[in-house]
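Here the sequence shown is numbered in this note's numbering, starting from -13 and rising by one per residue.
Only one structure is covered here, and it is reproduced in the block below.
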Amino acid sequence: MKIVMLGAPGAGKGTQAKMISEKYGIPHISTGDIFRANIKENTELGQKAKTYMDKGLLVPDELVVDLVVDRLAQDDAKKGYVLDGFPRTIPQAEALTAALEKIGEKLDYAIDVDVPDENIIQRMSGRRACVSCGGTYHIKYNPTKKEGVCDACGGELILRDDDKPETVQQRLSVYHEQTQPLIDYYTKAGILKEVDGTVDLDAVFEAIVGILG
Ligand code: AP5
Ligand code: MG
Ligand code: ZN
């Protein structure tokens, strides 16, 4: 099963992608997580990506596409994957379609997690991310068992650098301008499925499982 998650920053793409990955046994591939791991390791890619991410801007397509195409060629992606945060622009979506066509494959679902902007700002200020494994929590909606400590790996939890309200506002406008057109793109491709992302996370997941079967 090959799935793309769509949705605004903070809609819950990462949260749901992780649950999908666990239930269906397919890798969760998040470009945001890949960039954050590179920033942490201080790689050249990480240094480049950080200058865009901290401003709430998209990393240029040419730094993203090859990275994802290479990742999808790895063995664990043979039986499928859930892509989270990619594609994010029409050129990225076209590059993905072309790369898949080349090997005779295509996506099965594009799932749009729909959450209005008003809910997003509030969600982001309560989000906490694990510095070690990228696990995502919320102080109110998805708390860890022990405050400040990741349930999955015991790592330290932080507020992401790009979760400051001004940056979230910028990410939202970038989303509407550059990423929302993908809803139309995947509707035309006949694979778009929409879920209400404002209900609690288990209810969102139930709706997704209803689609994926
Ligand atoms: P990325 O890491 O992908 O960030 P994003 O798209 O802005 O999305 P988020 O990770 O912020 O939100 P999410 O939808 O995953 O929500 P989450 O599950 O955490 O990208 C970061 C940056 O990297 C970009 O700005 C860009 O610069 C760069 N980048 C990445 N990919 C790129 C690409 N392809 N091209 C160019 N640049 C790229 O949930 C949010 C919070 O809400 C959490 O606290 C969660 O616990 C909580 N929550 C989740 N669901 C619910 C619910 N149903 N009810 C209540 N709370 C909930
Ligand atoms: Mg995410
Ligand atoms: Zn962790």
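Cβ atoms here follow ideal geometry from the backbone N, Cα and C, with glycine treated the same way.
Helix, strand or coil at residue i according to DSSP, with G and I counted as helix
i: Thr122; result: strand
i: Lys179; result: strand
i: Ile15; result: strand
i: Ala(-3); result: coil
i: Asn24; result: helix
Reference residue i, options the options, closest by Cα
i: Ala115; options: Ala(-6), Tyr123, Arg109; result: Tyr123
i: Ile197; options: His14, Ala59, Asp94; result: Asp94
i: Asn24; options: Ile12, Leu49, Ala63; result: Leu49
i: Tyr161; options: Ile106, Asp62, Lys174, Leu86; result: Ile106
i: Thr165; options: Pro151, Ile12, Lys64, Ala79; result: Ala79
Pairwise C-alpha distance: residue j and residue i
i: Met110; j: Val185; result: 16 angstroms
i: Pro77; j: Thr37; result: 21 angstroms
i: Gly(-4); j: Cys139; result: 22 angstroms
i: Cys119; j: Glu27; result: 13 angstroms
i: Leu143; j: Arg113; result: 9 angstroms
i: Arg22; j: Asp149; result: 13 angstroms
i: Gly0; j: Asp188; result: 14 angstroms
i: Ala(-6); j: Val101; result: 7 angstroms
i: Met39; j: Ala59; result: 26 angstroms
i: Met(-9); j: Lys131; result: 27 angstroms
i: Lys41; j: Arg157; result: 8 angstroms
i: Gln108; j: Gly90; result: 42 angstroms
i: Ile20; j: Arg57; result: 10 angstroms
i: Leu86; j: Glu8; result: 24 angstroms
Close beta carbons around residue i, own chain, < 6 angstroms, minus the five adjacent residues each side
i: Tyr172; result: Ala96, Leu178
i: Gly134; result: Leu143
i: Lys4; result: His14
Residue(s) in a DSSP beta bridge with residue i
i: Ile(-11); result: Val68, Tyr95
i: Glu142; result: Val135
i: Asp100; result: Asp182
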